[in-house]
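Note sheet for the following structure.
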Amino acid sequence: MVQVDPLEEGEQPRFATQAENNPDGTFHQNMYRMAPERVPAMHLNLPFILDDLETETSQKQLSTARNIIRSVNQSFLPPLDRATHVEFLLNPLDEGLSGGFVALDASRPWLLYWCINALSILGEDVGAYNARVVSSLKPLQHPNGGFGGGNGQAPHVAAAYASILTLATTSYHVSRGLPENERLEVYAESFAWIDRGKLLQWIRKIKLPNGGFKVNEGGEEDVRAGYCALVVLALLGYDEEELRGDPSLGELPLLSGVAEYFKNCQTWEGGIGAKPNAEAHGGYAFCVLAALCLLSGPEEALSKNLDLNRLISWLSARQYAPEGGFSGRTNKLVDGCYSTWVGGCWSLVEAAANAIECGKGSTKVNVGDLWSRKALIRYILTCCQGPHGGLRDKPGIRPDYYHSNYVLLGLSAAQHYYYYDDSHAQSSVSAKSPFRHAYRWKSSKNVPKPSGDDGTGGGWLEGLVPDESDRVGVQHPLFNIPLGAEGQLQSWWEWFNDVSDVDAVSREN
Ligand SMILES: [Zn+2]
């Protein structure tokens, strides 16, 4: 941690000089632009109420808050240092990882996903990596179905999730702008080798009668497993019949009891835990909200299954002042990766709250913005950019590939408004998919401000992205891959499954 002198009682925070703005080095020097408005006082001062009980946690909280006050300059905001982050993220792909990463041998698909998706958010074309991604992931497919985290390892649902997301991202990039026949070929090379039948059988082994899922056979049960399983099922184009299974063989329908299980994970605080009766946590909250929105539109998904008011209260308590970033749990410090886990929840909650108005084209009533996007953007740009590239938890902590992806995903959530649009629901290519609701998400650069029944208010939030060169790419708010990649993949599966059915019929004849 960067050491800072404590403020004396009554002392006002001193505003940092340019060099102090980045305590780790000289990275941002001479690169500041004027912020469009001054920073609100609550982000420049310690909170009015501080914890009287001094513990290790309360000390860390205070020193983090003080440290961040000193990192925030009232008049300037550092730009997103895109080129340096790109270099940081390309390095493991082009040069390989150092020996120390052997400890992450069971996380191969994750390392690929974090780097490739983060590069994609930064606007890099990652299509050139598609063939290498396919050849890296093929050996991870287990002979009995599913994906291991490393070669020869037992299947794990998170490994399957990260593998499919990576393939969806690179194949989307490489096929953009290609004629249809070549696009179909790219998707065939990227996905036709996956044994969907065996993968489905493997997912049946981790499905639980209580509606939840385990991460692997004999592994732990939690909502992360349920979310990852549903994403894999949604992106691999399974139909209703395949998900239902064969009751005469004792197969449980894969979607049975799922929403009820997730519903039972909401805690007394209003947040969501790993499983029923567990502590509320930002990561698990995102998994549950996104998984519920895979099964229905956001308004129905969230208001029918969760106490939305209590959820909003808990989510609001995750964003701290002065820091501006999110914590993952009550009494924990801010951390850049919760920009996605909590910021991503806000995208879905806002879409649910505004669903009727924004989803169907009316602008009559909007709840507007329920969280401080500007404060999160400030936290990310001032505190989460590493001096030599990459993004991080907080100042004083080294950047890594995981935080790079989830800080940038959170930045995308803060810069864009996501909404659910079912106006073309019946005519869309995915109308028959059991996860059809997931294919109806759109994004807008305009974030609505609240408006009243009488038409007062409204308009758009200004100054979220002071310079367009700082804008990052849009991501699908449930899958965390480039928005649009999900639709391309789904339309390919529909084509591929039709062709496979025709082939099967002609073989029978
Ligand atoms: Zn983190």
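For the sequence shown, UniProt numbering begins at 1 and goes up steadily by one.
Ideal Cβ placement from N, Cα and C applies to all residues, glycine included.
Remember, predicted model here, so these are calculated numbers, not experimental data.
Assigned exposure category for residue i - 16 Cβ within 10 Å defines buried
i, result
"R108", "buried"
"P482", "buried"
"S372", "buried"
"S75", "exposed"
"residue 575", "Past the edges of the chain, shown from 1 to 509, lies residue 575, and the structure says nothing about it."
"A41", "exposed"
"K374", "buried"
"H403", "buried"
"S128", "The question names Ser, but residue 128 in the sequence shown is Ala. Answer is exposed; the Cβ neighbour count stays below 16."
"S313", "exposed"
"Q490", "buried"
"G463", "exposed"
"T17", "Any reading at T17 must be qualified, since the residue scores a pLDDT of 46, below 50, and its modelled position is unreliable; no value is offered."
"E124", "buried"
"E323", "buried"
"G237", "buried"
"D503", "exposed"
"N277", "exposed"
"V231", "buried"
Terminal residues of the beta strand (DSSP E) in which residue i lies
i, result
"Y417", "Y417 to Y420"
"K442", "W441 to S444"
Boundaries of the alpha helix (DSSP H) in which residue i is found, first to last residue
i, result
"K198", "R196 to I206"
"T84", "R82 to E95"
"A293", "Inspection of the sequence shows that residue 293 is occupied by Cys rather than by Ala. Looking at the DSSP string, the run of the alpha helix (DSSP H) that includes C293 is G282 to L295."
"T64", "E56 to S71"
"R310", "L308 to R318"
"I49", "Premise fails: I49 is in no alpha helix (DSSP H) and is neither H nor E."
"L348", "G343 to A353"
"S135", "N130 to L137"
"K304", "P298 to N305"
"N277", "Run containing N277: none; DSSP gives neither H nor E here."
"A188", "E180 to F191"
"N117", "R108 to I121"
"E240", "E240 to R244"
Which residues DSSP lists as bridging residue i, in chain order
i, result
"E221", "K214"
"P155", "G148"
"S327", "V334"
"F101", "Partner(s): none; F101 has no beta bridge."
"D400", "L391"
"I377", "Answer is none; I377 lacks a bridge partner."
"residue 510", "Residue 510 lies beyond the stretch modelled for the chain, which goes from 1 to 509, so this question has no answer here."
"N366", "S451"
Near ligand 3: residue i beta-carbon under 7 Å from a heavy atom
i, result
"H403", "Ligand 3 is not part of the structure shown, which contains ligand 1 as its ligands."
For this session: Identify every run of the alpha helix (DSSP H) within the segment 424 to 508, keeping only runs that are complete inside it and at least 4 residues long; order them along the chain.
Result: 485 to 508
For this session: Flag this pair as touching only if the segment 76 to 83 and the segment 383 to 391 have three or more C-beta atom pairs under 8 Å; answer yes or no.
Result: yes
Exercise. At a cut of 8 Å, does the segment 115 to 134 reach the segment 176 to 193 through at least three beta carbon pairs?
Worked result: Touching, yes, given that three or more Cβ pairs across the two stretches are closer than 8 Å.
Exercise. Per the contact definition of three or more C-beta pairs closer than 8 Å, is the segment 222 to 237 in contact with the segment 402 to 422?
Worked result: no
Exercise. Is there contact between the segment 333 to 348 and the segment 402 to 416, where contact requires at least three CB pairs shorter than 8 Å?
Worked result: yes
Problem set entry | Any 3 or more C-beta pairs closer than 8 Å across the segment 96 to 106 and the segment 136 to 145 | no
For this session: May I ask you to verify whether the segment 276 to 285 touches the segment 326 to 336, counting CB pairs closer than 8 Å and requiring at least 3?
Result: yes
For this session: Decide yes or no for the touch test of the segment 61 to 75 against the segment 104 to 120: beta carbon pairs closer than 8 Å, at least 3 of them.
Result: no
Exercise. Pairing CB atoms from the segment 433 to 451 with CB atoms from the segment 293 to 310, are three or more of them under 8 Å?
Worked result: yes
Exercise. With a cut-off of 8 Å, do at least 3 Cβ pairs link the segment 297 to 310 to the segment 331 to 339?
Worked result: no
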